[in-house]
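Heads up, the thing below is written out as structure tokens.
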Amino acid sequence: MDIKRTSIKDLLQSNDFDKSVLIKGWVRTKRGNKNIAFIAVNDGSTIHNIQAVIDVPAFEEDLLKKITTGASLEISGTLVQSSGQGQSIEIQADNIVLYGEADPDTYPLQKKGHSMEFLREIAHLRFRTNTFGAVFRIRHALSFAIHKYFNDKGFFNIHSPIITSSDAEGAGEMFRVTTLDPAKPPLNDKKEVDFSQDFFARPTNLTVSGQLEAELGALALGGVYTFGPTFRAENSNTPRHLAEFWMIEPEVAFNDINDNMDLAEEFLKYLIKYALDNCKDDIEFLNNMVDKELINRLKSVAEVDFVRLSYTDAIKVLEKADQKFEFPVSWGVDLQSEHERYLVEKHYKKPVILSDYPKEIKAFYMKQNDDGKTVRAMDVLFPRIGEIIGGSQREEVMEKLLTRIREMNLPEEELWWFLDTRRYGTVVHSGFGLGFERLMLFVTGMTNIRDVIPFPRTPRNAEF
RNA sequence: UCCUCAGUAGCUCAGUUGGUUAGAGCGCCGGACUGUUAAUCCGUAGGUCGAAGGUUCGAGUCCUUCCUGGGGAGCCA
52 MDIKRTSIKD LLQSNDFDKS VLIKGWVRTK RGNKNIAFIA VNDGSTIHNI QAVIDVPAFE
112 EDLLKKITTG ASLEISGTLV QSSGQGQSIE IQADNIVLYG EADPDTYPLQ KKGHSMEFLR
172 EIAHLRFRTN TFGAVFRIRH ALSFAIHKYF NDKGFFNIHS PIITSSDAEG AGEMFRVTTL
232 DPAKPPLNDK KEVDFSQDFF ARPTNLTVSG QLEAELGALA LGGVYTFGPT FRAENSNTPR
292 HLAEFWMIEP EVAFNDINDN MDLAEEFLKY LIKYALDNCK DDIEFLNNMV DKELINRLKS
352 VAEVDFVRLS YTDAIKVLEK ADQKFEFPVS WGVDLQSEHE RYLVEKHYKK PVILSDYPKE
412 IKAFYMKQND DGKTVRAMDV LFPRIGEIIG GSQREEVMEK LLTRIREMNL PEEELWWFLD
472 TRRYGTVVHS GFGLGFERLM LFVTGMTNIR DVIPFPRTPR NAEF
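Structure, rendered in structure tokens:
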């Protein structure tokens, strides 16, 4: 008589008492004495464990001895109402099959809590902890919600290339992609590396943004988005930066900067609400163990109207601030972290969308305002994590775009395909980039971005 | 990359103005306990004090360089 495996998530929601059930999973803890033992088993389907009750004399001593924290097994038995405190349902075990032992002398995970720094060193095993189980279930749910949101709105997902020959985005240092031998690369007459002999017959890099390609898609399909890995070879050592991260970049034809802000705000609120509605157990756990204010903060951001403020007005607010800044504020300077934090966390106490920045501190492709000084850029600033979204209305007028490209000494010839969209059937359009891991930081309450991606890539670290 | 703090047992940490044999809690292992909840109680084992140099009669402790990690800054998402 074979019983089919039930997920622990399903089992904990059932009240089919006295029914024969079978679970498979990993041991979290075992407690007990010579007569009775309790095994808490987790199978990853939920943060909650199910408790199996063992009538010790009915099992082989050698088998029970090998059931230690981390071991994998299957347990079959009868689903019963618990006679102990702390859980309402448990399994009265009839049979146990041990799959894999976990030597307690060397298995690094203990029953007690570990520091995030230690768990990061054993990233291959940290999935098995409550915290990282919760984090990565939420990561999946948010990833799914992103596709659902855009699909429901009629957007199309564009798979922008990961290898690019364009280095004109200006979004940061790039990782070179090459098949040339670094020890003896072919040289040309000028003793420079001869990339014509490389795989793509030109220098290529990992993408720093899918935006330019997304624009091409938007100017035919209307609303599109990319959601893929992004690579920045910056030597950034902070709790908010990764060398490899995931970015969502919607791009919409006929949207101006205000439509863009509406989209960004609606999108973020949708994702936060989705997590609150669909990851309740995991978020409650994180609220209890990681960040006591998490749920309150998520609820308030999901409901509040974001502040919308021009850069120029933000400067006025900062100049009047009753606080000394390390970096003085004046019109034209780029805002520092301390300025953004003041606006979001002290002055307004809610998310702020800043727009219309001086053109000198923003990218070439941004729509120029009639004042000749500012561009229609927008940054969404969140409490705790700062810039979560950066975007803009794009310059759709060929002459203005070309002028800007030449002023900034960008390689006009390499951008011929991008410029063609302005040459043929150009339209107003806008888009933005959302850093997925920064969203994850906000939704999970975790404080280091290396703990919301399974295997973080940072300077001098590509383990696993 | 810059500033700053740290690195001592499997984990989290203490270790005095430099002084003999480096400690604790938790975990592991052994024992006790008939319903446990990070179980409890008793006991044992467990150390290249991040690495390499240097100062000193003597260095976990002071100096130099490097490595690793945390926090802050810059770059950005």
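Under this note's numbering, think of the first position of the first sequence as 52, with each following residue one higher. Every residue, glycine too, gets a C-beta built ideally from N, C-alpha and C.
Q.
Given a cut-off of 8 Å on the beta-carbon distance, is the pair Ile126 and Ile74 in contact?
A. yes
Assess contact between the region 277-291 and the region 162-169, defined as three or more Cβ pairs (one per stretch) separated by less than 8 Å. Is contact present? no
One question on the structure: do Leu257 and Met225 come within less than 8 Å of each other, judged by their Cβ atoms? yes
Q: Counting only runs of 3+ residues fully inside the region 230-266, write out the beta strand (DSSP E) ranges in chain order.
A: 255-257
- Task: Can you give me the start and stop residues for the beta strand (DSSP E) that Trp77 sits inside?
- Result: Ser71 to Gly83
Point to revise | Residue closest to Glu389, alpha-carbon to alpha-carbon, out of Glu411, Ser216, Gly423 and Ile366 | key: Ile366
Exercise for the section: Could you spell out the range, first to last residue, of the beta strand (DSSP E) harbouring Gly437? Expected result: Gly437 to Gln444
With DSSP as the reference, please indicate the residues paired to Thr277 in a beta bridge. Glu300
Could you tell me the alpha carbon to alpha carbon distance between Phe183 and Gly223, rounded to whole angstroms?
30 Å
From the DSSP secondary-structure annotation, give me the bridge partner or partners of His480.
Ala304
| message | Assuming contact is defined by CB atoms lying nearer than 8 Å, are Val186 and Leu124 in contact in what I supplied? | response | no
Checklist line | the region 486-503 contacting the region 317-329, beta-carbon criterion three pairs below 8 Å | finding: yes
> If you run the structure through DSSP and keep just helix, strand and coil, what is Thr57?
Replying inline: coil
Exercise. From the DSSP output, which residues share a beta bridge with Met429?
Worked result: Ser406 and Gly442
* **Limits of the unbroken beta strand (DSSP E) element including Asn93** => Ile87 to Asn93
Just to check my reading of the structure: Val358 and Lys401 have Cβ atoms closer than 8 Å, yes? What is that Cβ distance to the nearest angstrom?
6 Å
### Message
Report the CB separation of Leu62 from Val72 in whole angstroms; it is logged as a contact under 8 Å.
### Response
6 Å
>> Please classify Phe318 as buried or exposed, where buried requires at least 16 other C-beta atoms within 10 Å of its C-beta.
In response: buried
One question on the structure: do Ile118 and Leu130 come within less than 8 Å of each other, judged by their Cβ atoms?
no
Taking DSSP's pairing of strands, which residues face Leu466 in a bridge?
In DSSP, Leu466 forms no bridge with anything.
Skipping 5 residues on each side, what residues in its chain have a beta carbon closer than 7 Å to that of Leu160?
-> Thr120, Gly121, Leu176, Arg179 and Thr180
* Asked: Do the CB positions of Ala91 and Leu115 come within less than 8 Å of each other?
  -> no
- Task: Under 6 Å Cβ to Cβ from Arg82, same chain only, skipping five residues before and after it: list those, please.
- Result: Phe89
Where the alpha helix (DSSP H) through Thr454 begins and ends: Met449 to Glu458
Could you compute how far the alpha carbon of Gly486 sits from the alpha carbon of Ile334? 20 Å
message = Just to confirm the assignment: which complete beta strand (DSSP E) runs, minimum length 3, are found wholly within the region 303-391?
response = 358-361
Original post:
Between which two residues does the beta strand (DSSP E) harbouring Asp145 extend?
Top reply: Ile140 to Gly151
query: Got a sec? Which residues, its chain only, sit under 6 Å from Phe469 by beta carbon, not counting five neighbours each side?
result: Leu263
State the Cα-Cα distance for the pair Pro434 and Val107, rounded to the nearest angstrom.
52 Å
(Q) Quick check on Asp67: does DSSP put it in helix, strand or coil? (A) coil
Using CA atoms only, rank isn't needed, just tell me which of Leu432, Tyr416 and Val384 is closest to Arg473.
Tyr416
- request: Grab me the residues of Phe361's own chain with a C-beta within less than 6 Å of its C-beta, minus the 5 sequence neighbours each way, in chain order.
  value: In the sequence as presented, Phe is not what sits at residue 361; that position holds Ser. Ser406 and Asp407, listed in sequence order.
Applying the 10 Å Cβ sphere with the 16-neighbour rule, what's the burial state of Gln419? buried
* To do: Measuring alpha carbon to alpha carbon, tell me which of Ser351, Phe195, Phe246 and Ile436 ends up nearest Arg392.
  => Ile436
>> Please report the straight-line C-alpha distance between Gln143 and Gln136, rounded to a whole angstrom.
In response: 15 Å
*asked:* Under 8 Å: do the region 267-283 and the region 291-311 share three or more Cβ pairs, one atom per stretch?
replied: yes
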